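If you read the protein sequences in the order shown, they are chains A and B.
The first sequence begins at 1 in this note's numbering and counts up by one.
The second sequence begins at 142 in this note's numbering and counts up by one.
Protein chains: 2
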Amino acid sequence: MPPRAHDLDLVDGLFQLSFRLHATLARIAAGHDLSLVQVRLLGILRDREPAMLELARHLELEKSSLSGLIDRAEKRGLVERVPSAEDRRAAHVRVTPQGRKLSRIVEDEVTAAVLTMVGGLERAEREQLTALVAQVVAAAG
Amino acid sequence: MPPRAHDLDLVDGLFQLSFRLHATLARIAAGHDLSLVQVRLLGILRDREPAMLELARHLELEKSSLSGLIDRAEKRGLVERVPSAEDRRAAHVRVTPQGRKLSRIVEDEVTAAVLTMVGGLERAEREQLTALVAQVVAAAG
DNA sequence: CTTGCGTAGTTCGTGGCACGAACTATATGG
DNA sequence: CCATATAGTTCGTGCCACGAACTACGCAAG
Numbered sequence: 001m002p003p004r005a006h007d008l009d010l011v012d013g014l015f016q017l018s019f020r021l022h023a024t025l026a027r028i029a030a031g032h033d034l035s036l037v038q039v040r041l042l043g044i045l046r047d048r049e050p051a052m053l054e055l056a057r058h059l060e061l062e063k064s065s066l067s068g069l070i071d072r073a074e075k076r077g078l079v080e081r082v083p084s085a086e087d088r089r090a091a092h093v094r095v096t097p098q099g100r101k102l103s104r105i106v107e108d109e110v111t112a113a114v115l116t117m118v119g120g121l122e123r124a125e126r127e128q129l130t131a132l133v134a135q136v137v138a139a140a141g
Numbered sequence: 142m143p144p145r146a147h148d149l150d151l152v153d154g155l156f157q158l159s160f161r162l163h164a165t166l167a168r169i170a171a172g173h174d175l176s177l178v179q180v181r182l183l184g185i186l187r188d189r190e191p192a193m194l195e196l197a198r199h200l201e202l203e204k205s206s207l208s209g210l211i212d213r214a215e216k217r218g219l220v221e222r223v224p225s226a227e228d229r230r231a232a233h234v235r236v237t238p239q240g241r242k243l244s245r246i247v248e249d250e251v252t253a254a255v256l257t258m259v260g261g262l263e264r265a266e267r268e269q270l271t272a273l274v275a276q277v278v279a280a281a282g
């Protein structure tokens with residue numbers, strides 16, 4: 001059963017929106033010398049100090065790739081490695097005050113940009129979109 | 142005037158959805174040894190044969206980056222360079238039958254995956270989402 | 001026609017990034 | 001204690017994006 005035309009419009013639309021959002025995020029991040037994956041890293045570290053393996057899983061990266069990412073972020077003073085109390089092989093990753101500050105700046109700029117993007121929607125429409133998007137995300141697990 | 146809590150929910154939700162979509166696309170593409178930018182390239186070439194400069198603008202890449210991208214895609218037989226009739230400095234890029242076939246396969250898999258993602262929405266909700274998303278994308282220019 | 005400037009695309013050097021293989025230090029269970 | 005598994009690192013490799021430098025071509029003015 002091939003997908004119906006309306007459904008293709010939804011898929012197309014979602015990807016168009018997605019690419020726009022990513023392009024916006026990438027542009028703003030680049031203005032602060034951050035890559036997308038660095039922004040995602042800082043976002044995850046906002047409210048947790050995961051061990052490397054846990055972090056690798058979150059970012060869907062191989063351990064070795066994460067090692068490099070943390071090396072570079074650490075070198076820039078954005079994060080630090082913290083030895084684990086439970087397992088001496090392990091290290092946790094913590095955002096530094098500098099990293100937190102930069103992350104906040106980027107977040108504010110991105111929020112402003114996206115709100116401009118959805119600015120053409122009425123209040124009710126925005127709430128509708130919020131609810132629908134939340135539903136899709138929740139179902140995606 | 143700081144953004145309102147509801148608006149933050151929308152921005153958060155949009156990015157969560159966006160990351161999900163990108164992760165899905167990246168995973169399916171990788172299963173066919175394609176990167177995201179290669180998928181985007183093939184998507185653009187689906188219905189046009191742009192000159193390199195035009196293509197670089199579409200993909201928001203520097204000319205030199207595009208040159209490398211086309212080199213690799215050409216090497217894989219997915220695209221070919223076609224000299225320009227109007228300007229001898231220029232080359233157009235055309236997708237090969239092989240590239241078109243691969244692009245279609247990826248597209249079908251991605252479509253199926255996304256339709257599964259939105260499968261929890263009622264028919265009317267899906268149409269609502271389609272319309273709202275289309276409105277945001279149209280306004281973004 | 002010639003000249004100077006602009007332009008399309010390529011090459012090169014560089015750094016970021018992701019992967020898998022190999023490795024070291026640590027943890028665990030028999 | 002020994003064998004196996006595991007957390008994280010290092011290394012080699014290829015992809016990818018950028019900017020600088022370059023070549024070949026286009027264009028306008030003199």
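We treat Cβ as the ideally placed atom computed from N, Cα and C, and that holds for glycine.
On a predicted model such as this, the values are computed, not experimentally measured, just so you know.
Since S18/A meets chain B, which of its residues come closer than 8 angstroms, beta carbon to beta carbon?
-> Taking the first residue of the first sequence as position 1, residue 18/A is located at position 18. What S18/A touches in chain B: L158, S159, L162 and H163.
What residues from chain A crowd round Q276/B, counting only those whose CB sits closer than 7 angstroms?
-> Here residue 276/B refers to the residue found at position 135 of the second sequence. Correct list: G120 and L121.
Cα separation between A51/A and E195/B?
-> Walking along the first sequence from the start, residue 51/A turns up at place 51. Walking along the second sequence from the start, residue 195/B turns up at place 54. So the two alpha carbons sit approximately 45 angstroms from each other.
Best match in E125/A, T24/A, A30/A and A134/A for proximity to V259/B [C-alpha to C-alpha] | For the purposes of this step, residue 259/B is taken as residue 118 along the second sequence, with counting starting at 1. Of E125/A, T24/A, A30/A and A134/A, the residue nearest in Cα terms is A134/A.
8 angstroms Cβ cutoff, E195/B in contact with chain A | Your numbering for residue 195/B matches position 54 in the second sequence. Under the 8 angstroms criterion on CB atoms, E195/B is classed as non-interfacial with respect to chain A.
Own chain, CB closer than 7 angstroms to E49/A, minus 5 neighbours either side, in chain order | Position 49 of the first sequence holds residue 49/A. Contacts found: V82, H92, V93 and R94.
Buried or exposed by the 16-neighbour rule on C-beta atoms within 10 Å, applied to I70/A | Counting from 1 along the first sequence, the entry for residue 70/A is found at position 70. Its Cβ being crowded by 16 or more others within 10 Å, I70/A is buried.
Between L78/A and L42/A, which are expected to be in contact by the criterion C-beta below 8 angstroms, what is the C-beta distance as a whole number of angstroms?
-> Here residue 78/A refers to the residue found at position 78 of the first sequence. Here residue 42/A refers to the residue found at position 42 of the first sequence. The pair is a contact, with the Cβ atoms about 7 angstroms apart (cut-off 8 angstroms).
Near I44/A, what residues of its chain come up, given a Cβ to Cβ distance below 6 angstroms and the 5 sequence neighbours on each side ignored?
-> Indexing the first sequence from 1 puts residue 44/A at position 44. Around I44/A, the same chain offers H58 as residues with beta carbons nearer than 6 angstroms, after the five sequence neighbours per side are excluded.
Three-way DSSP call (helix, strand, coil) for A139/A in this model = One-based indexing of the first sequence puts residue 139/A at position 139. DSSP places A139/A in helix when its eight states are reduced to three.
Whole-Å CB distance - G261/B paired with T130/A, under 8 angstroms assumed = The residue given as residue 261/B occupies position 120 in the second sequence. The residue given as residue 130/A occupies position 130 in the first sequence. Not confirmed; about 16 angstroms, so no contact.
State the DSSP-derived secondary structure class of E127/A, mapped to helix, strand or coil.
-> Translated into the one-based positions of the first sequence, residue 127/A becomes position 127. Note: E127/A maps to helix in three-state DSSP.
For the 8 angstroms Cβ check, are there 3 or more pairs between the stretch 262-269 of chain B and the stretch 238-246 of chain B?
-> no
Tell me which same chain residues have a C-beta within less than 7 angstroms of the C-beta of T96/A, skipping the five on either side of it?
-> Counting from one through the first sequence, the residue named residue 96/A turns up at place 96. Contacts found: G77, L78, V79 and E80.
Please compile the residues from chain B whose C-beta is within a distance smaller than 8 angstroms of the C-beta of T130/A.
-> Residue 130/A sits at position 130 when you count from the first residue of the first sequence. Result: H147, D150, L151 and G154.
Amino acids of chain B, ordered along the chain, whose beta-carbon sits closer than 8 angstroms to that of R126/A | Stepping through the first sequence from its first residue, residue 126/A is reached at position 126. What R126/A touches in chain B: H147, D148 and L151.
Assigned secondary structure, E107/A (DSSP; H/G/I helix, E/B strand, else coil) = Against the first sequence, residue 107/A aligns to sequence position 107. Reduced to three states, the DSSP call for E107/A is helix.
Pick out whichever of A124/A, V137/A, S18/A and T24/A has its Cα sitting closest to the Cα of H147/B.
-> Along the second sequence, one-based indexing puts residue 147/B at 6. It is A124/A whose Cα lies nearest to the Cα of H147/B.
Tell me, please, whether the CB atom of V114/A is closer than 8 angstroms to any CB atom in chain B?
-> Residue 114/A sits at position 114 when you count from the first residue of the first sequence. Yes, contact with chain B.
Boundaries of the alpha helix (DSSP H) in which V259/B is found, first to last residue | On the second sequence, position 118 is the one that residue 259/B refers to. Neither: V259/B is in no alpha helix (DSSP H) and is coded neither H nor E.
Under 8 angstroms from the C-beta of P144/B: neighbouring residues of chain A = For this step, residue 144/B is matched to residue 3 along the second sequence. Per Cβ cutoff of 8 angstroms: T111, A112 and L115.
Answer yes or no: does any C-beta atom of chain A fall closer than 8 angstroms to that of A171/B?
-> Taking the second sequence and counting its residues from 1, one reaches residue 171/B at position 30. Chain A contact via Cβ: absent.
S18/A and L162/B: beta carbons closer than 8 angstroms?
-> Locating residue 18/A in the first sequence gives position 18, where the first residue counts as 1. Locating residue 162/B in the second sequence gives position 21, where the first residue counts as 1. Yes, Cβ-Cβ distance for S18/A and L162/B is below 8 angstroms.
Can you round the beta-carbon distance between L177/B and A167/B to whole angstroms, since I take them to be within the 8 angstroms contact cut?
-> For the purposes of this step, residue 177/B is identified with residue 36 of the second sequence, where counting begins at 1. For the purposes of this step, residue 167/B is identified with residue 26 of the second sequence, where counting begins at 1. That belief holds up - the Cβ atoms of L177/B and A167/B are roughly 6 angstroms apart, short of 8 angstroms.
Would you mind giving the Cβ-Cβ distance between T165/B and V277/B, rounded to the nearest angstrom? I have them listed as a contact below 8 angstroms.
-> Residue numbering aside, residue 165/B sits at position 24 when the second sequence is read from its first letter. Residue numbering aside, residue 277/B sits at position 136 when the second sequence is read from its first letter. In fact, because the Cβ distance is near 20 angstroms, the residues do not count as touching under 8 angstroms.
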